[in-house]
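Novice: Okay, so the sequence shown: first residue is 1 according to the working numbering, each after it adds one. By construction, the Cβ of each residue, glycine as well, lies at the ideal position given by its N, Cα and C atoms. No experiment lies behind these values; they were computed from the predicted model shown.
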Amino acid sequence: MNVEIYEFEPGRWSYKIAGAPSGETFPSRAAALIAAEQVKDKQAQAPDAPAIDPQI
Numbered sequence: 001m002n003v004e005i006y007e008f009e010p011g012r013w014s015y016k017i018a019g020a021p022s023g024e025t026f027p028s029r030a031a032a033l034i035a036a037e038q039v040k041d042k043q044a045q046a047p048d049a050p051a052i053d054p055q056i
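1. In this structure, how does DSSP classify A30 when only helix, strand and coil are distinguished?
2. Does A44 come out as helix, strand or coil in the three-state DSSP assignment?
3. Give a yes or no on whether the C-beta atoms belonging to F26 and A20 are separated by under 7 Å.
4. Where does A57 fall in DSSP's three states?
5. Classify S28 as buried or exposed, calling it buried when 16 or more other Cβ atoms lie within 10 Å of its own Cβ.
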């Protein structure tokens, strides 16, 4: 998964994983990177969700 760290506003940082914004801001670039890595690791460990049948 691709992680992007960016300055959301002056002094506030955020991240995107696979192009999806996190919706969170952090006081430093390092804090945003740590949070992004933790989320990325959790997503990698999560089992695949079953497919949703669109006809239900």
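Specialist: The short version:
1. Position 30 of the sequence shown, counted from the start, is the residue given in the question as residue 30. Three-state DSSP puts A30 in a helix.
2. Mapped onto the sequence shown, residue 44 falls at position 44. Three-state DSSP puts A44 in a helix.
3. Within the sequence shown, residue 26 is the residue found at index 26, counting from 1. Within the sequence shown, residue 20 is the residue found at index 20, counting from 1. In this structure, A20 does not lie closer than 7 Å to F26 by Cβ.
4. Residue 57 lies beyond the residue range present for the chain, which begins at 1 and ends at 56; the question has no answer from this structure.
5. To locate residue 28, count along the sequence shown from 1; it is residue 28. S28 comes out exposed.
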